[in-house]
């Protein structure tokens, strides 16, 4: 079943109130901070929306499971970067979906190519890196960055890493709805 923008807003507003893994923010706070950072850096609307929705797969998993405690989520890789994509393919173009799909691999890439990057990760992000396959080899890193939308995914990853600040004032979710509408494939079909 495809999600609508209304479904996404509802999911973020309800399930998004849950804690973001072992971080000190909720899923919604993390999403809003990430989107705000992308917007503040002048990213295209598609990248801002990707930043807002990059962890939507976590919410879909949590909404479908009874045991969605922070401890159970932190002990396995839920492959969240892939889970939301089938629900969003009819709604958003590849410029939104591909950075979302690649943001986990972007962490693996940055750990392989940027000295000191690993040291900047939160403890929870370091743990998830292990669960997600660890640091890329040089050949894997080279293949990653050659993909379409890999550069956007790397920038998204940096916003993701920085978007874990308790009590950070962000725009409301409603602020980002027009961006979702403007980049949606549904809007493009009507134009």
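In our numbering, the protein residues as written are 16 to 206.
All C-beta atoms in this analysis are idealised placements derived from N, C-alpha and C, irrespective of residue type, glycine included.
Please read all numbers here as calculations on a predicted model, not as lab measurements.
- Under the three-state reduction of DSSP, residue 140 is assigned to helix.
- For residue 99, the number of other beta carbons within 10 angstroms of its own is at least 16, and it is reported as buried.
- Taking one beta carbon from each stretch, the region 29-45 and the region 61-78 have 3 or more pairs nearer than 8 Å; the two touch.
- Given a length threshold of 4 residues, each whole run of the alpha helix (DSSP H) inside the region 139-185 is given here in chain order: 153-160 and 165-177.
- No Cβ-Cβ contact shorter than 8 Å links residue 47 with residue 171.
- Note on geometry: alpha-carbon atoms of residue 162 and residue 34 lie some 32 Å from one another.
- Between the alpha carbons of residue 167 and residue 177 lies a distance of about 16 Å.
- Rounded to the nearest whole angstrom, the C-alpha separation of residue 31 and residue 131 is 31 Å.
- About 5 Å separates the CB atoms of residue 120 and residue 159; that is less than 8 Å, so the two are in contact.
- The Cβ atoms of residue 50 and residue 39 lie no closer than 8 Å to each other.
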